[in-house]
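Residue numbering for the sequence shown follows my numbering, beginning at 107 and increasing consecutively.
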Amino acid sequence: MANYQTPRGTQDILPSQSRKWLQIETLIRSVCDVYGYEEIRTPMFEDTKVFKRENDSSDMVNKEMYTFSVHGEDSMTLRPEGTAGIIRSFVQHKMYGNADLPVKLYYMGEMFRYERPQKGRYRQFNQFGIENIGVKSPMIDAEIIALGYSIVKGLGLQSVKVLINTLGDEQSRSTYREVLKDHFKDHLPELCEDCKRRYEINPLRLLDCKVDHDLECMKTAPSLEQSLNEESKEYFRQVLGALDALEIPYEIDARLVRGLDYYTHTVFEVVSTHPESGTQATVFGGGRYDNLVEYFGGPQMSGVGFGMGLERLLILAEAEQVPLEERPALDAYVMALGNVGSKPLELATEIRAAGYRCEFNAVPRSLKAQFKSVDRFRTKVAVIVGETELQQGMVNIKDIKNQTQITVPFEQVIDTLDRILGGEE
Ligand code: HAM
């Protein structure tokens, strides 16, 4: 017999978990709502060129994409992240022409990366993200960090910290690229193959290498700070000032460059400090991008955003023992004794129409077995339909908590439930 399993790096979200997902998604949507972000849904796959842009040196683009071509058509790629598709859409639909900038978008959905799976790192994962496009202001960088932070805090996570850095503007970055090239040129033979490639395309990404991380030349690499021009320094000072004013604690991490190529100015990652968070501790990360809109054919316009892994939020909620929603107790269970035909189904339908969660017994079973179901569902009220009562147009209603039982006509079932269930809240 074939043994069918989820593909490596993917998981089923089972009913026992789905309420927790819903709770997190509801929290996210409500925070986005008060911050004035509107949802955008873009395709799960795009033309490969949307993600694989010229001179991209990131692992995500070069090693982790699910790329395919069907019937000889253009190469397509399952989205590894949200930002590129959103900016493609922003330009395609000329959202840059909106009278009110910035355009504030959020998205939630599956992303796909061919990574080595481990706890908190999957090949299919769910990401919530926001993009704030069209206005360049340090206040907005701080605002979106505040948005993400309030979701994490709103969920009840305590052990998180914000790591932040600046990559500076284009001029600062290009100065730094030269400084780095100069520093690493004598160390090239020591570097891994990827780093040799990064050296040519984007030396900044050398600092993000997991393989060469501990090399002496990595540790002695000059920091970006010295290459920042005054404008970039001032921009960063203002971001930090705003975070101070909002009382969001942060740490400046001069080595933070992030795994994607498009960032300029502010970059940040919010990480868990909980001992059980594991190696995949980044809850959300993002930053500003000055050149993406233009790359996709729009005007020169800056944007800023972040992506947040929902699986990681759940893992951290569990590690910190934040109570998340379980399946709620059942309001009513309609039991059937003897030959009562479709009456239990009819009553259940009526009870459900009144807004109560209700189950009914559909196959002949002993009274004992039915009461076991009542227990398992943590039922509040049992509605018992018996043959004799049915003939009299009556039904027994048992309040499980108080263990009291009354007999009422069919027409009074809902009123009786209202009284019992309404009274207990
Ligand atoms: P990213 O850092 O690649 O950024 O991903 C953002 C978040 O997605 C991570 O912090 C993590 O929580 C989650 N994540 C990433 N890969 C995986 C994985 N394999 N398994 C589980 N969770 C994962 C971006 O994607 C950028 N688009 C963020 C951004 C938006 N920057 C500007 N705007």
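Positions of the beta carbon are idealized from the N, C-alpha and C atoms, including for glycine.
- Item | Complete runs of the alpha helix (DSSP H) confined to the stretch 146–193 [at least 4 residues] | 154–157, 165–169
- Taking Y212 as the reference, give the member of Y143, R185, G461 with the closest Cα. Y143
- Length of the line joining the Cα atoms of A360 and Y395: 18 Å
- Message: At the level of alpha carbons, what is the spacing between P113 and M214?
- Response: 22 Å
- Task: Spatial neighbours of Y186 within its chain, please: CB distance less than 7 Å, with the 5 preceding and 5 following residues excluded, ordered by chain position.
- Result: The sequence as given places Pro at residue 186; Tyr does not occur at that position. Correct list, in chain order: F157, M166, E170, M171, M217, F218, R219.
- Where does R279 fall in DSSP's three states? helix
- Quick one: grab the DSSP three-state call for V487. strand
- Are T385 and F342 close, meaning C-beta to C-beta below 9 Å? no
- Item | Whole-angstrom C-beta distance between L253 and Y141, which should lie under 8 Å | 5 Å
- Query: Between the C-alpha atoms of V514 and N502, what's the straight-line distance to the nearest angstrom?
  - Reply: 6 Å
- Query: Name the DSSP beta bridge partners of V140, please?
  - Reply: BP columns for V140 are empty, so no partner.
- Query: Going by the CB atoms, is the gap between I307 and D162 shorter than 9 Å?
  - Reply: yes
- Task: Would you mind sorting H177 into buried or exposed? The rule is 16 or more other CB atoms within 10 Å of its CB.
- Result: exposed
- Step through the CB atoms of chain C and report whether any lies within less than 9 Å of the CB of Q518. Structure shown: chain C not included; a single protein chain is present.
- Message: Are there any heavy atoms of ligand 1 lying less than 8 Å away from the beta-carbon of G404, as far as the coordinates show?
- Response: no
- Query: Any heavy atom of ligand 1 closer than 8 Å to the CB of V366?
  - Reply: Note that residue 366 is Leu in the sequence shown here, rather than Val. Yes.
- F374 in three-state terms, based on DSSP: strand
- Hey, could you find the ends of the alpha helix (DSSP H) P450 is sitting in? 449–459
- For E465, which of helix, strand or coil comes out of DSSP? strand
- Message: Taking 8 Å as the cut-off, is the C-beta of G235 nearer than that to any heavy atom in ligand 1?
- Response: yes
- Please report how far the alpha carbon of S329 lies from the alpha carbon of G392, in whole angstroms. 20 Å
- Sub-9 Å separation of L362 and T189 beta-carbons: no
- Query: Identify the residues that DSSP records as bridge partners of G215: which are they?
  - Reply: Q233
- Kindly give me the distance between the Cβ atoms of E221 and G115, rounded to whole angstroms, as I take these residues to be in contact under 8 Å. 7 Å
- Within the present structure, is the beta-carbon of M500 separated from the nearest heavy atom of ligand 1 by less than 8 Å? no
- Is it the case that the CB of Y141 approaches a heavy atom of ligand 1 more closely than 8 Å? no
- Helix, strand or coil at E357 [DSSP, three-state]: strand
- Query: For F516, which of helix, strand or coil comes out of DSSP?
  - Reply: helix
- Tell me whether Q511 sits in a helix, a strand or coil according to DSSP, three-state version. strand
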